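Visitor: Sequential numbering of the sequence shown, starting at 1, is according to the numbering used here.
Yeah, the Cβ is synthetic: ideal placement off N, Cα and C, and Gly gets one too.
Computed from a predicted model, the values in this text were never measured in an experiment.
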Amino acid sequence: MNFGRVSDLNFTFDAAFFGSEEAETTTRAHNDLPLISVVVPVFNTEKYLKKCLESVRAQTYEHLQIILVDDGSSDASGDICDSYQRLDGRFVVIHQENRGLSAARNAGTAIADGTYVAYVDSDDYVAPGFISVLYDAIMTTRADIAAIPAPVVFSDGEEISLWDDFGAAATTPRVQRVPSVAYQERLLYQRYANGAQFRLYLTDIMKEHLFPEGLLYEDMATIYRVIRAVDSVAVVNAPSLYAYRSNPIGITQMKYTRKKMNSILHVTRTMKEDIVDWYPELEKACASRCFASLRAVYAQVPAECVYDSESLWLELQSYSDYVIRDKSARRRERIAAVISNAGRACFDMFCRCCRLLGLMR
1 MNFGRVSDLN FTFDAAFFGS EEAETTTRAH NDLPLISVVV PVFNTEKYLK KCLESVRAQT
61 YEHLQIILVD DGSSDASGDI CDSYQRLDGR FVVIHQENRG LSAARNAGTA IADGTYVAYV
121 DSDDYVAPGF ISVLYDAIMT TRADIAAIPA PVVFSDGEEI SLWDDFGAAA TTPRVQRVPS
181 VAYQERLLYQ RYANGAQFRL YLTDIMKEHL FPEGLLYEDM ATIYRVIRAV DSVAVVNAPS
241 LYAYRSNPIG ITQMKYTRKK MNSILHVTRT MKEDIVDWYP ELEKACASRC FASLRAVYAQ
301 VPAECVYDSE SLWLELQSYS DYVIRDKSAR RRERIAAVIS NAGRACFDMF CRCCRLLGLM
361 R
């Protein structure tokens, strides 16, 4: 593992470059604000990486430690990371063998020196105010985490606009302090996006709740545990702070493998056990989330994988009655649960139709 130079973690300002007054003002402004770490896991994203890193570099909150974790890329991604470390002293680069998204995030979290930490995927990008707005929300509410409800989702070739200016000409985003139990419920019912990228966290909390290595669905396995560790979350009604690329090779859309089945069974069973133990009142909400995740994986299983299909089907059935009776569950889950009670043939046809229509999320 190759870490950036220790000096890369500190900020030095050349008075001859900035002008002595500007250098003094900038240094004083940074000293008044906590360091915030931004962890960017990188794997074979040379096509998108520069746009991502430029968006992080352009943050209006400048007192950043930007940690790039090159997770064994075989394209030019690693070289791009190194070029940004040479360009901007706030960047720190780790090169490691390919170990997966969780290991890359954990490696970045381990060396994060900031009071707070955020995660940005290397094929996504963020608005200039992403960090500053979330940090201000934490300061306003005294929460340990700030979050957006969901990102702006886009595909390759699609033009989208993010919030470039939160000044007088922009609408000030509404901030709501949501108790952790209520936030947990909204996550389980998928009213809030679950991805780790859509929040700013107290770093100490993330160091205590690392992402599980060797599993898929790492966000689903981790975020509910992180939320339990805090009293509340500051929710900022500003989805246009984060642009999330709908990636055809992402976990939810990549080709089915048995690792998907093993991961989702482990994650849903563990989550159900934890949620029922910690929040008995959220059992129905947890059943809805587990059913939705199992349904999405079941729909991807090829016909020849009989054991996998049967295992997921039996697991689905254990949640269907909960979902049917739960009026708070998403409409698509209740419909899917009703159809599942009509038998596998009907449910398989329903899944094929949803997959064709892009409704399997």
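Quick check: Ile-324 and Val-301, are their CB atoms within less than 8 Å of each other?
Guide: Here residue 324 is taken as the residue at index 324 of the sequence shown, counted from 1. Here residue 301 is taken as the residue at index 301 of the sequence shown, counted from 1. Not in contact: Ile-324 and Val-301 (Cβ atoms no closer than 8 Å).
Visitor: In terms of alpha-carbon separation, which member of Gln-197, Tyr-201, Cys-305 and Glu-283 lies closest to Ala-243?
Guide: Locating residue 243 in the sequence shown gives position 243, where the first residue counts as 1. It is Gln-197.
Visitor: Can we say the region 127-141 touches the region 53-73, given the rule of at least three CB pairs closer than 8 Å?
Guide: With a cut-off of 8 Å, the region 53-73 and the region 127-141 count as touching, because enough Cβ pairs lie within range.
Visitor: Using DSSP bridges, identify the partner residues of Pro-41.
Guide: Residue numbering aside, residue 41 sits at position 41 when the sequence shown is read from its first letter. Beta-bridge pairing links Pro-41 to Val-69.
Visitor: Near Gly-78, which residues of its chain fall below 7 Å by C-beta distance, leaving aside the five closest residues on each side in sequence?
Guide: In the sequence shown, the residue the question calls residue 78 occupies position 78. Closer than 7 Å at the Cβ level, and outside the excluded window around Gly-78, lie Asp-70 and His-95.
Visitor: Could you pull the DSSP bridge partners for Pro-179 from this structure?
Guide: Taking the first residue of the sequence shown as 1, we reach residue 179 at position 179. According to DSSP, which records beta bridges pairwise, Pro-179 is partnered with Ser-232.
Visitor: Opposite Leu-35 in the DSSP bridges: which residues?
Guide: By one-based count along the sequence shown, residue 35 stands at place 35. Answer by DSSP bridge pairing: none, since Leu-35 is not bridged.
Visitor: If we count Cβ pairs, one from each stretch, closer than 8 Å, do we get three or more for the region 264-274 versus the region 284-294?
Guide: A contact exists between the region 264-274 and the region 284-294.
Visitor: Would you report the Cα separation of Val-178 and Ala-193, rounded to the nearest angstrom?
Guide: The count along the sequence shown starts at 1 and reaches residue 178 at position 178. The count along the sequence shown starts at 1 and reaches residue 193 at position 193. The alpha-carbon atoms of Val-178 and Ala-193 are separated by roughly 15 Å.
Visitor: Look up His-266 in the DSSP assignment and say whether it is helix, strand or coil.
Guide: Residue numbering aside, residue 266 sits at position 266 when the sequence shown is read from its first letter. It is helical.
Visitor: So, at 6 Å on beta carbons, what are the nonlocal neighbours of Val-230 in its own chain, with the 5 sequence-adjacent residues on each side left out?
Guide: Working through the sequence shown from its first residue, we reach residue 230 at position 230. Counting only Cβ-Cβ distances below 6 Å, and skipping sequence neighbours, we find Asp-144, Ile-145 and Ser-180.
Visitor: Among Lys-207, Met-206 and Tyr-224, which one has its Cα closest to the Cα of Leu-187?
Guide: If you number the sequence shown from 1, residue 187 lands on position 187. Among Lys-207, Met-206 and Tyr-224, the Cα nearest to that of Leu-187 is on Tyr-224.
Visitor: Is the beta carbon of Lys-50 closer than 8 Å to that of Ile-80?
Guide: In the sequence shown, counting from the first residue as 1, residue 80 sits at position 80. In the sequence shown, counting from the first residue as 1, residue 50 sits at position 50. Contact: yes.
Visitor: Excluding the 5 residues flanking Met-206 on each side, which residues of the same chain have their C-beta closer than 6 Å to its C-beta?
Guide: Here residue 206 corresponds to residue number 206 of the sequence shown, with the count starting at 1. Only Thr-109 and Val-117 meet the Cβ criterion.
Visitor: Assuming Asp-35 contacts Gly-114 under a Cβ cut-off of 8 Å, what Cβ separation, rounded to an integer in Å, is found between them?
Guide: Taking the sequence shown and counting its residues from 1, the one referred to as residue 35 is at position 35. Taking the sequence shown and counting its residues from 1, the one referred to as residue 114 is at position 114. According to the sequence as given, residue 35 is Leu; it is not Asp. Yes, Leu-35 and Gly-114 are in contact; Cβ-Cβ is about 4 Å, under 8 Å.
Visitor: Rounded to whole angstroms, what's the CA-CA distance from Asp-277 to Cys-286? Just pull it up for me.
Guide: For the purposes of this step, residue 277 is identified with residue 277 of the sequence shown, where counting begins at 1. For the purposes of this step, residue 286 is identified with residue 286 of the sequence shown, where counting begins at 1. When rounded, the distance between both Cα atoms is 12 Å.
Visitor: Who are the Cβ neighbours of Cys-353 in its own chain at under 7 Å, not counting the five residues just before and after it?
Guide: Here residue 353 is taken as the residue at index 353 of the sequence shown, counted from 1. So no residue of the chain qualifies.
Visitor: Leaving out the 5 sequence neighbours to the left and right, which residues in its chain are closer than 7 Å to Asp-136 when beta-carbon positions are compared?
Guide: As a working note, residue 136 is residue 136 in the sequence shown. Closer than 7 Å at the Cβ level, and outside the excluded window around Asp-136, lies no residue.
Visitor: If you draw a straight line from the C-alpha of Val-235 to the C-alpha of Ala-303, how long is it?
Guide: In the sequence shown, counting from the first residue as 1, residue 235 sits at position 235. In the sequence shown, counting from the first residue as 1, residue 303 sits at position 303. In a straight line, the C-alpha of Val-235 is about 42 Å away from that of Ala-303.
Visitor: Tell me, which residues are paired with Tyr-256 by DSSP?
Guide: The residue given as residue 256 occupies position 256 in the sequence shown. According to DSSP, Tyr-256 bridges with nothing at all.
Visitor: Can you look up Gln-96 in the DSSP assignment and give me helix, strand or coil?
Guide: Sequence index remark: in the sequence shown, residue 96 carries index 96 (1-based). Three-state DSSP puts Gln-96 in a strand.
Visitor: On the DSSP bridge list, what partners appear for Ala-147?
Guide: Along the sequence shown, one-based indexing puts residue 147 at 147. Arg-199 and Val-235.
Visitor: What does the alpha-carbon distance come out to for the pair Arg-142 and Gly-72?
Guide: Counting from 1 along the sequence shown, the entry for residue 142 is found at position 142. Counting from 1 along the sequence shown, the entry for residue 72 is found at position 72. The straight-line gap from Cα to Cα measures roughly 38 Å.
Visitor: Just the C-alpha distance for Asp-308 and Arg-90, rounded to the nearest angstrom, thanks.
Guide: Translated into the one-based positions of the sequence shown, residue 308 becomes position 308. Translated into the one-based positions of the sequence shown, residue 90 becomes position 90. Taking the straight line joining both Cα atoms gives about 47 Å.
Visitor: According to DSSP, which residues form a beta bridge with Val-153?
Guide: The residue given as residue 153 occupies position 153 in the sequence shown. Looking at the DSSP assignment, Val-153 forms a beta bridge with Tyr-244.
Visitor: Taking only runs of the alpha helix (DSSP H) that begin and end inside the region 84-136, which ones reach a length of at least 4 residues, in chain order?
Guide: Within the region 84-136, the complete alpha helix (DSSP H) runs of at least 4 residues are 101-110.
Visitor: Please report the residue range of the alpha helix (DSSP H) in which Lys-284 lies.
Guide: Residue numbering aside, residue 284 sits at position 284 when the sequence shown is read from its first letter. Its alpha helix (DSSP H) spans residues 283-298.
Visitor: Report the CB separation of Lys-260 from Leu-314 in whole angstroms; it is logged as a contact under 8 Å.
Guide: Looking up residue 260 in the sequence shown gives position 260. Looking up residue 314 in the sequence shown gives position 314. Contact flag wrong, Cβ pair sits at about 16 Å.
Visitor: Whole angstroms is fine: what's the gap from Val-39's alpha carbon to Asn-237's?
Guide: Stepping through the sequence shown from its first residue, residue 39 is reached at position 39. Stepping through the sequence shown from its first residue, residue 237 is reached at position 237. If you take the alpha carbons of Val-39 and Asn-237, they lie about 23 Å apart.
Visitor: Which whole-angstrom value describes the C-beta separation of Phe-154 and Arg-245, a residue pair presumed to lie in contact below a C-beta threshold of 8 Å?
Guide: As a first step, residue 154 is located in the sequence shown; it is residue number 154 there, counting from the start. As a first step, residue 245 is located in the sequence shown; it is residue number 245 there, counting from the start. Right, their Cβ atoms sit about 6 Å apart.
Visitor: Which residues in the same chain have their Cβ closer than 7 Å to the Cβ of Ile-148, if we skip the five residues on either side of it in sequence?
Guide: Looking up residue 148 in the sequence shown gives position 148. Cβ within range, chain order: Phe-198, Val-236, Ala-238, Pro-239, Leu-241 and Tyr-242.
Visitor: Taking just the CA atoms, how far does Arg-57 sit from Pro-280?
Guide: The residue you call residue 280 lines up with position 280 of the sequence shown. The residue you call residue 57 lines up with position 57 of the sequence shown. So the two alpha carbons sit approximately 43 Å from each other.
Visitor: Between which two residues does the alpha helix (DSSP H) harbouring Leu-356 extend?
Guide: Counting from 1 along the sequence shown, the entry for residue 356 is found at position 356. Counting along the chain, the alpha helix (DSSP H) containing Leu-356 begins and ends at 344-356.
Visitor: Evaluate Ala-345 with the Cβ neighbour count: other Cβ atoms within 10 Å of its Cβ, from every protein chain shown; 16 or more gives buried, anything less gives exposed.
Guide: Numbered from 1 along the sequence shown, position 345 holds the residue referred to as residue 345. Exposed, because fewer than 16 other Cβ atoms sit within 10 Å of the Cβ of Ala-345.
Visitor: Excluding sequence positions up to five away, which residues of its chain have a Cβ less than 7 Å from the Cβ of Leu-282?
Guide: Numbered from 1 along the sequence shown, position 282 holds the residue referred to as residue 282. If we look at Leu-282 and ignore the five residues flanking it on each side, its Cβ neighbours are Gln-184, Glu-185, Leu-188 and Ile-275.
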